[in-house]
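The next block holds one structure in the form of structure tokens; read it before the comments.
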Amino acid sequence: MKTAEEKKTRNTKHQKAVLELLKNATKALTADEIREKLADNINKTTVYRMLDRFVEAGKIHFVTGQNGKSFYALCKSCKEEPPKHIHNHLHFQCEICGKVECLPETLKVPQLDNYTIRETQLLLIGTCKRCMNSTN
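If you read the sequence shown in the UniProt record's numbering, its first letter stands for residue 1, the second for the next number, and so on.
See below:
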């Protein structure tokens, strides 16, 4: 049985690995993809807990894809901290290859009386350039 210190060190190592993986990713990743890419065999529940903490801390964001899965990406251009931290950029999912990516375009999130907006999910679905070129 691992001591609390060993677990803390291992969790910190895994957290750094997940953030590094997302930093270098060219697309948004599912929890399963993150788990598969990690060198250590890490429990799926642990991956979800880490991702939830990173989302709450404003380090990463997610969008729910067409298939209902969550896709996670590192916050690369965010300047505000939670709770003012709202991801208002567009995401795109290719319906052929399934790739989900953050797009640089942003939308103005309205301030609504009697509502507090905590999160936005803006997903465009279509065909990416690579898949369009491969079908021609």
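Glycine included, each C-beta is placed from N, C-alpha and C at the ideal position.
Secondary structure note for T45: its alpha helix (DSSP H) is the uninterrupted segment 44-57.
For H14, the secondary structure class from DSSP, reduced to helix, strand or coil, is helix. In this structure, L51 lies away from I42, with their beta-carbon atoms at least 8 Å apart. In this structure Q66 does not touch E105 by the C-beta definition: roughly 19 Å separates them, more than the 8 Å allowed. Taking the CA atoms as reference points, L107 sits about 12 Å from L123. Residue environment analysis places C102 among the buried positions, since at least 16 neighbouring C-beta atoms fall within 10 angstroms of its C-beta. Sorting L112, L22, F92, I117 by C-alpha distance to the C-alpha of C128 places F92 at the top. For A73, the enclosing beta strand (DSSP E) begins and ends at 70-74.
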